[in-house]
Amino acid sequence: MSETSSAAANATRVVAAALDLFAEHGFEQTSVEQIAKAAGVSRSTFFRQFGGKDDVVFADHELLLDVLREHFSVSEGDPWSTVADGAMLVFRHFAAEPDVARRRYELVRQIPALREREIVAVFRYERLFDEYLRESLPDLDPLDAVSYAAVITAVHNHVLRQMLRGKRVPASTLRQALDVAMRRFGVQQDAAADASADDLVVAVFPRSMPIAEVTRRVRAELG
Numbered sequence: 098m099s100e101t102s103s104a105a106a107n108a109t110r111v112v113a114a115a116l117d118l119f120a121e122h123g124f125e126q127t128s129v130e131q132i133a134k135a136a137g138v139s140r141s142t143f144f145r146q147f148g149g150k151d152d153v154v155f156a157d158h159e160l161l162l163d164v165l166r167e168h169f170s171v172s173e174g175d176p177w178s179t180v181a182d183g184a185m186l187v188f189r190h191f192a193a194e195p196d197v198a199r200r201r202y203e204l205v206r207q208i209p210a211l212r213e214r215e216i217v218a219v220f221r222y223e224r225l226f227d228e229y230l231r232e233s234l235p236d237l238d239p240l241d242a243v244s245y246a247a248v249i250t251a252v253h254n255h256v257l258r259q260m261l262r263g264k265r266v267p268a269s270t271l272r273q274a275l276d277v278a279m280r281r282f283g284v285q286q287d288a289a290a291d292a293s294a295d296d297l298v299v300a301v302f303p304r305s306m307p308i309a310e311v312t313r314r315v316r317a318e319l320g
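Throughout the sequence shown, residue numbering follows my numbering, covering 98 to 320 in sequence.
What follows is the structure in structure tokens.
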């Protein structure tokens, strides 16, 4: 286990202790001192490592972003697949402790300020995916980078939300959904190799025609 992965696991333990207290006393009524004591750290250490009470709810998000940065920095594979694999890393982290993930989900739903923090946290994942693609593929249209980042994030969140609502969701469910998204985006590595003659379409359009109109016409022809 890498240092960042270990830190993420430790953060999950602290979050679990905080959630126990929130469930027992209520979010507003729980103090930082109580959380620090339950987590087995001093008050000063808690503030240094986790910040305030709101911050501890999202502590493993911060460390997961570091896990993703590490993942991207060492990857030598296809950038599109690397981003999808990053989404799998995030999902497996939450799936490893589904009870903690579900209790946090319920807590965040109840408190408007935490819901706003969650929205920001989700955007940070999406932005990290976008930035990685632009750095890895310098000639990539920025619109393609931001679109793909948004699609992968949305697919991940849709599948994760099913688990958070109590459904048993294996990691293979997300993998299949990500593969479908990559195929629709045209970046599935084995798509061309697996295509039969009947799967191939050749079309010719004027160079000046907008991409959106090309797409509309192709879709119309394919039905």
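Just so you know, even glycine gets a beta-carbon here, dropped at the ideal spot from N, CA and C.
All values derive from a computational prediction rather than experimental measurement.
DSSP places Ile249 in the uninterrupted alpha helix (DSSP H) bounded by Pro239 to Leu261. Nearest C-alpha to Val315 among Val298, Ala193 and Leu234: Val298. No Cβ-Cβ contact shorter than 8 Å links Phe143 with Ala156. Three or more beta-carbon pairs drawn from the segment 266-278 and the segment 176-192 are found closer than 8 Å, and the two stretches are therefore classed as touching. For Tyr229, the CB contacts under 6 Å within the same chain, skipping 5 residues up- and downstream, are Phe169 in chain order. A direct Cα-to-Cα measurement between Asp238 and Ala136 gives close to 46 Å. About 14 Å separates the CB atoms of Ala218 and Leu261; that is not less than 8 Å, and the two are not in contact.
If you check the CB distance, Phe220 and Ile249 do not come in under 8 Å. Leu225 sits in a helix when the DSSP states are folded into three classes.
Contact between Phe119 and Thr109 is ruled out by a C-beta separation of about 15 Å, above the 8 Å threshold. Secondary structure remark: continuous alpha helix (DSSP H) runs of at least 4 residues inside the segment 148-199, in chain order: 150-154, 156-171 and 176-193.
The DSSP-derived three-state label of Glu215 is helix.
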